[in-house]
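Worksheet for the structure shown next.
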Amino acid sequence: MNNPTIRNWLGFSTLALMLASLFMVFDYVPPDAEMGIAQLIFYFHVPLAWVAFASFGLVAIAGIFYLWLGDQLWDDLGYAAAETGMVFCTLMIVAGSIWAKPIWGTWWTWDSRLTMTFILWLMYGGYLMLRASADDTPQVARFGAVIGIVAALDVPIVIVSVRMWRTIHPAVLVTKQGTHGLEDPRMIWTLMVCLAAFTALWAWLLMLRFTQLRTRSRMGRLSSRIAFATAAASDPK
Amino acid sequence: MSGFAAVLRKDLRLELRSGESTLALLALSMLVLVVLVFALGAARVRSVDAAAGALWVAMVFAGMLGANRALLAERDNGAIRGLLLSPLDPSTLYAAKLCAALIFMAVAEVGAVILMVLFFNLDFDASMARLAPILALGAVGFSALATLLSAITGRTRGGDMLLPILAVPIFVPALIAGVKASAAALAGAPFESMGDWLKIMIAFDVLFVSAGYLLFEHVVGGD
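Chains as they are written, first to last, in our numbering: chain L, 1 to 237; chain A, 238 to 460.
Right, here's the structure in full:
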């Protein structure tokens with residue numbers, strides 16, 4: 001994970017894939033017959049959603065491994081995943097909102113999926129606020145791990161409750177198209193390339209942040225060792 | 238088991254002598270209900286939906302305050318360190334703290350329900366009996382979550398602010414289910430009609446009581 005060559009290759013492939021996805025979205029793929037140009041947001045929105053949920057899953061997995069093994073590596077991974085996940089989740093909500101304005105006629109509606117995403121966003125916002133309001137000690141790493149696990153445990157109940165809440169309250173939105181009707185093979189290809197591009201971007205950002213956090217942990221260990229050695233050397237006994 | 242009883246007895250005795258937590262919980266519940274009566278306006282005050290919503294808002298905000306206070310008592314003079322140094326299992330400590338929080342919350346909720354009936358022009362009738370188990374389930378889930386999270390936020394800077402930020406989003410499923418079931422109960426619906434909401438609340442309670450029981454050790458131990 002700390003290998004700069006892999007990181008650089010990942011960076012360059014992200015660039016290539018991003019350029020390819022831009023070309024495909026704006027030139028190659030035919031816009032949807034009903035929704036027109038707004039539908040093109042879909043090719044960014046879905047990959048953003050996938051990486052956002054994947055990183056929140058990673059936060060919980062890293063939390064479990066941190067509590068189990070106690071290796072600082074897992075905490076650094078979880079923290080990096082929470083930060084990147086938050087960025088992608090915010091972008092997903094913003095992109096979806098821009099799409100919803102012309103299609104549903106509103107920026108926001110309390111649809112079950114939107115509500116679920118928003119609650120998830122709030123939970124991980126809380127996680128990041130906790131990390132920001134405390135120094136990086138093993139204690140705070142454990143707190144982060146516990147919050148990550150508890151939040152992930154909550155997700156299934158949130159999904160069920162929010163879905164029931166919606167079905168009992170009638171929908172405000174006009175119509176949600178039944179399927180995303182990707183009848184044209186070019187649409188599927190574009191989606192695939194966009195998924196690959198955003199996954200690469202996510203992996204690259206995650207790796208950069210993770211490497212940075214690893215370096216910081218190492219420096220913390222080194223400085224405490226230096227302080228210990230200095231104290232031992234100046235001790236007259 | 239004796240350790241559990243000892244901690245619980247200590248918390249209850251402290252509360253009986255000072256009355257701090259329950260009194261603060263009751264006062265805040267009352268204020269939230271008053272604010273909501275004014276915010277909603279006289280016209281909507283007659284609806285059971287508004288009453289159920291107001292009751293749960295009061296419960297969440299009062300519960301948050303109660304959880305912060307309970308921890309403050311332990312943090313002053315480093316009492317929590319003493320508890321952790323004692324040969325008491327952290328999970329047992331969690332269970333005792335959870336029971337104490339639950340008892341204070343139950344007392345405050347009885348008060349909040351009485352105030353709700355008075356402020357929202359409802360009647361003391363059979364619907365109160367149906368409301369009781371719903372509120373009990375909500376209180377168990379909330380106390381389980383708040384007891385675990387307040388142990389975290391109590392040891393960070395700005396912890397009192399952090400607790401609602403962490404707890405409210407996680408509590409959302411139980412909140413949705415609780416408000417819906419309470420409104421149905423107040424409207425006189427039979428128990429069977431709210432079965433799905435009750436199932437969500439039971440699932441939430443089971444999940445967070447066990448999560449708290451298992452994870453509390455990682456929150457308090459180790460340093």
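Using N, Cα and C, we set each Cβ at its ideal position, and we do this for glycine too.
Note that this is a predicted model, so its numbers are computed, not measured.
Problem set entry | For A/GLY240, the three-state DSSP class (helix, strand or coil) | helix
Exercise. Using the beta-carbon count (16 or more within 10 Å), is L/ARG216 buried or exposed?
Worked result: L/ARG216 should be labelled exposed.
Exercise. Taking the alpha carbon of L/LEU191 as the point to measure from, which residue in L/ILE6, L/PHE12 and L/ALA20 has its own alpha carbon closest?
Worked result: L/ALA20
Problem set entry | For A/ASP397, the three-state DSSP class (helix, strand or coil) | Three-state result, A/ASP397: helix.
Problem set entry | Bridge-paired residues (DSSP) for L/LYS32 | Sequence check: residue 32 of chain L is Asp here, not Lys. L/GLY36, per the DSSP bridge assignment.
Exercise. Where does L/THR90 fall in DSSP's three states?
Worked result: helix
For this session: Under 6 Å Cβ to Cβ from A/LEU372, same chain only, skipping five residues before and after it: list those, please.
Result: GLU346
Problem set entry | Close Cβ partners of L/THR14 (< 6 Å) along its chain, the five nearest in sequence each way excluded | These residues qualify, in order along the chain: ALA200, LEU201 and TRP204.
Exercise. Does the beta-carbon of L/MET219 have 16 or more other beta-carbons within 10 angstroms, so that it is buried, or is it exposed?
Worked result: L/MET219 comes out exposed.
For this session: Answer yes if the segment 107-123 of chain L comes into contact with the segment 429-441 of chain A, meaning at least three C-beta pairs across the two stretches below 8 Å, and no otherwise.
Result: no
Exercise. List, in order along the chain, the chain L residues whose C-beta lies closer than 8 Å to that of A/VAL456?
Worked result: Within chain L, the residues near A/VAL456 are ARG142, PHE143 and VAL146.
For this session: Output yes if chain A places a C-beta closer than 8 Å to the C-beta of L/TRP165; else output no.
Result: A Cβ of chain A is located within less than 8 Å of the beta carbon of L/TRP165.
Problem set entry | Interface partners of A/LEU403 on chain L, CB under 7 Å | GLY126, LEU130 and ILE147
Exercise. Roughly how many whole angstroms lie between the Cα atoms of A/LEU385 and A/LEU270?
Worked result: Their backbone Cα atoms lie some 27 Å apart in a straight line.
Problem set entry | Where the alpha helix (DSSP H) through A/SER323 begins and ends | Careful: A/SER323 lies outside any alpha helix (DSSP H) and carries neither H nor E.
Exercise. Does any CB atom of chain L fall closer than 8 Å to the CB of A/PRO409?
Worked result: Going by the sequence as given, residue 409 of chain A is Val instead of Pro. A/VAL409 counts as touching chain L.
Problem set entry | Own chain residues within Cβ distance below 7 Å of A/THR180, not counting five before or after | The first residue shown for chain A is 238 and the last is 460, placing residue 180 of chain A beyond what the model contains.
For this session: Label L/SER112 either buried or exposed according to how many other C-beta atoms from any shown protein chain fall within 10 Å of its C-beta, with 16 as the threshold for buried.
Result: buried
Exercise. In the segment 280-314 of chain A, which residue ranges form an unbroken alpha helix (DSSP H) of at least 4 residues, counting only runs that do not cross its ends?
Worked result: 285-312
Exercise. Does the Cβ of L/ALA232 have 16 or more other Cβ atoms within 10 Å, making it buried, or fewer, making it exposed?
Worked result: Exposed: under 16 other Cβ atoms inside 10 Å.
Exercise. Taking DSSP as the reference, what is the three-state secondary structure of L/ALA296?
Worked result: Missing from the structure shown is residue 296 of chain L; chain L here goes from 1 to 237 and no further.
For this session: For the segment 259-269 of chain A and the segment 362-372 of chain A, state whether three or more C-beta atom pairs, one from each stretch, are separated by less than 8 Å.
Result: no
Exercise. Rounded to whole angstroms, how far is the Cβ of A/GLY378 from the Cβ of A/MET438, which I believe are closer than 8 Å?
Worked result: With 8 Å as the limit, A/GLY378 and A/MET438 qualify as a contact, their Cβ atoms being about 7 Å apart.
Exercise. Is L/SER133 close to chain A, meaning its C-beta is less than 8 Å from at least one C-beta of that chain?
Worked result: At a cut-off of 8 Å between C-beta atoms, L/SER133 counts as an interface residue with respect to chain A.
Problem set entry | CB contact below 8 Å: A/PRO406 versus chain L | It does: the Cβ of A/PRO406 has a partner Cβ on chain L nearer than 8 Å.
Problem set entry | Under 9 Å from the C-beta of L/VAL162: neighbouring residues of chain A | VAL409, PRO410 and ILE413
For this session: Ignore the nearest five residues each way along the sequence and tell me which others in A/GLU252's own chain have a CB closer than 7 Å to its CB.
Result: SER258, THR259 and PHE341
Exercise. Does the beta carbon of L/ASP32 sit closer than 8 Å to a beta carbon anywhere in chain A?
Worked result: no
Exercise. Quick one: what does DSSP say L/TRP9 is sitting in, helix, strand or coil?
Worked result: helix
Exercise. Distance, Cα to Cα, A/GLY290 vs L/VAL158?
Worked result: Rounded to whole angstroms, the gap between the alpha carbons of A/GLY290 and L/VAL158 is 19 Å.
For this session: Please report how far the alpha carbon of L/TRP68 lies from the alpha carbon of L/ARG7, in whole angstroms.
Result: Answer to the nearest angstrom: the Cα atoms are 28 Å apart.
Exercise. Can you round the beta-carbon distance between A/LEU335 and A/ALA381 to whole angstroms, since I take them to be within the 8 Å contact cut?
Worked result: 6 Å
Exercise. Taking 7 Å as the line, does the beta carbon of L/PHE198 fall inside it for any heavy atom of the ligand FAD?
Worked result: The ligand FAD is absent from the structure shown, which contains no ligand whatsoever.
Exercise. Checking contacts by CB at 8 Å: is L/ILE64 closer than that to chain A?
Worked result: no
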